[in-house]
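Everything in the sequence shown is counted per our numbering, starting at 2 for the first residue and increasing by one.
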Amino acid sequence: MTKLTIGVLSLQGAFIEHILMFERIGVRAIEVKLPHQLEQIGGLVIPGGESTTVMKLMDSFNLIAPIKKLAMKGLPVWGTCAGMICLSRGAVNPNGAPMQTLELMDISVKRNAFGRQVDSFETQLPIAGIQGGPFPAVFIRAPLIENAGSGVKVLARLPGGEIVTAVQGKLLATSFHPELTGDDRLHRYFADTAGNKPVACPI
Ligand code: GLN
């Protein structure tokens with residue numbers, strides 16, 4: 002069996018941190034900047050950064066159509082923070098204006114839902130299906146999930162009820178930045194979803 006390779010969309014944002022985290026758990030990870038690189042991967046991470054910039058760059062690099070096609074055929078895709086915004090079926094800017102997204106996951110999100118940069122925070126977050134206690138979740142100008150369709154499983158909420166982790170089939174969305182912590186459980190979970198080993202349904 003060929004070894005699993007995870008692609009990390011590397012146009013802007015925190016892509017290197019994701020690659021290092023996968024390497025640390027023994028999973029091969031490569032930068033994806035061009036459409037042909039998608040052919041080599043068993044899962045794709047869309048990292049945090051600036052979602053409008055990432056969407057514009059995906060468009061310029063002709064990545065939107067091939068990513069959508071592969072995800073609809075079952076490629077596991079994990080969006081963290083800005084990446085979650087890109088995965089959503091719709092996002093609302095703080096000024097109320099809609100923005101273009103990949104429209105893959107049946108969630109609508111609110112950008113910068115917790116205020117400005119100074120309002121970034123870390124919290125201990127229990128996540129359904131992630132064993133070993135709460136996850137140290139780092140929120141940086143983070144989005145939240147305002148609506149989740151019936152096919153979406155909510156895995157974590159903040160104490161105020163805000164949805165911050167969800168799955169739909171092989172699509173995973175986290176509002177926060179797991180790659181910026183020393184905790185690799187979500188990277189292991191995604192790698193397992195992508196075929197490293199079978200994953201039990203989290204809820
Ligand atoms: N605020 C950013 C956006 O809306 C996301 C921030 C992040 O990825 N840390 O795109």
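Don't be surprised by glycine CBs; every beta carbon is placed ideally from N, CA and C. Values in this document were obtained by computation on a predicted structure and should not be read as measured data.
Check each candidate in the options and name the one with the smallest Cα separation from residue i.
i: residue 90; options: 96, 107 and 80; result: 107
i: residue 116; options: 190, 140 and 6; result: 140
i: residue 65; options: 183, 10, 96 and 94; result: 10
i: residue 50; options: 124, 81 and 38; result: 81
i: residue 1; options: 76, 163 and 142; result: The shown model of the chain, from 2 to 204, leaves out residue 1, and the question about it has no answer.
i: residue 17; options: 135, 47 and 72; result: 47
Identify whether residue i lies in helix, strand or coil by the three-state DSSP scheme.
i: residue 12; result: coil
i: residue 17; result: helix
i: residue 104; result: coil
i: residue 33; result: strand
i: residue 76; result: coil
i: residue 84; result: helix
i: residue 42; result: coil
i: residue 66; result: helix
i: residue 95; result: coil
i: residue 53; result: helix
Distance check for residue j and residue i, CA to CA, integer angstroms please.
i: residue 1; j: residue 195; result: Given a span of 2 to 204 for the chain in the structure shown, any question on residue 1 remains unanswerable.
i: residue 158; j: residue 34; result: 32 angstroms
i: residue 188; j: residue 22; result: 7 angstroms
i: residue 8; j: residue 15; result: 13 angstroms
i: residue 123; j: residue 94; result: 23 angstroms
Length at least 3, wholly inside the segment 107-176: the beta strand (DSSP E) runs in chain order
122-126, 136-140, 145-149, 154-158, 164-169 and 172-175
If you pair each beta-carbon of the segment 150-157 with each one of the segment 167-179, do three or more pairs fall below 8 angstroms?
yes
Any contact of the segment 15-31 with the segment 56-65, i.e. 3+ C-beta pairs under 8 angstroms?
no
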